Amino acid sequence: GGLLSLLGGAVRGPLPPRDDAARQALQVALSCNFIGIAAARSLHYQFYLYYFHSLPVLLWMTPFPPALRLALWIGIEGAYNVYPPTAASSTLLQLCHVALLLGLWLAREPGGDAKAKAKTT
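To get this note's numbering, take the position in the sequence shown, counting from 1, and add 533.
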């Protein structure tokens, strides 16, 4: 046990899921928060505070390859780092939001990666 064991596990890869109910609750809570932001009629810079910490988790829940997950994360971050907002930054943000929503829809299962789950069944 201990810290060295935990750090060694991080090098080997993610820990196996222990509680599907907890993962599902997390997915529902974070997805609902994100849907509220993505469907807002206007986007303000302070809205980024409401969901920036959940973006890595939401992106990991999608069946997208890691390169696309990273590109979406960078796109969202880049769109919010443009001041004053432009039509291009707003369009980029909306496209990234739509792609993330699509990815969450395609995952359908708590914890994501629908393709890996389909292969095991």
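Ideal placement from N, C-alpha and C gives every residue a C-beta, glycine not left out.
Only a predicted model underlies this, so the values are computations on that prediction, with no experimental measurement involved.
{"query": "Element boundaries [alpha helix (DSSP H), containing asparagine 614]", "result": "From DSSP, asparagine 614 is part of no alpha helix (DSSP H); its letter is neither H nor E."}
{"query": "Arginine 726: first and last residue of the uninterrupted alpha helix (DSSP H) it sits in", "result": "Because the chain here runs from 534 to 654, residue 726 falls outside it and cannot be looked at."}
{"query": "Cβ distance (whole Å) where isoleucine 570 is taken to contact tyrosine 583 below 8 Å", "result": "6 Å"}
{"query": "Minimum C-alpha distance to phenylalanine 597 - residue among Trp638, Ala554, Val615, Asp553", "result": "Trp638"}
{"query": "Distance, alanine 554 Cα to glutamate 610 Cα", "result": "30 Å"}
{"query": "Alpha-carbon to alpha-carbon, histidine 586 and leucine 601", "result": "18 Å"}
{"query": "Tyrosine 578 - DSSP class collapsed to helix/strand/coil", "result": "coil"}
{"query": "CB contact flag (leucine 576, leucine 634, <9 Å)", "result": "no"}
{"query": "Sequence-distant residues of its chain with Cβ nearer than 8 Å to glycine 608 (five each side left out)", "result": "Leu625, Leu626, Leu628, Cys629"}
{"query": "Terminal residues of the alpha helix (DSSP H) in which serine 622 lies", "result": "620-640"}
{"query": "For proline 599, the three-state DSSP class (helix, strand or coil)", "result": "helix"}
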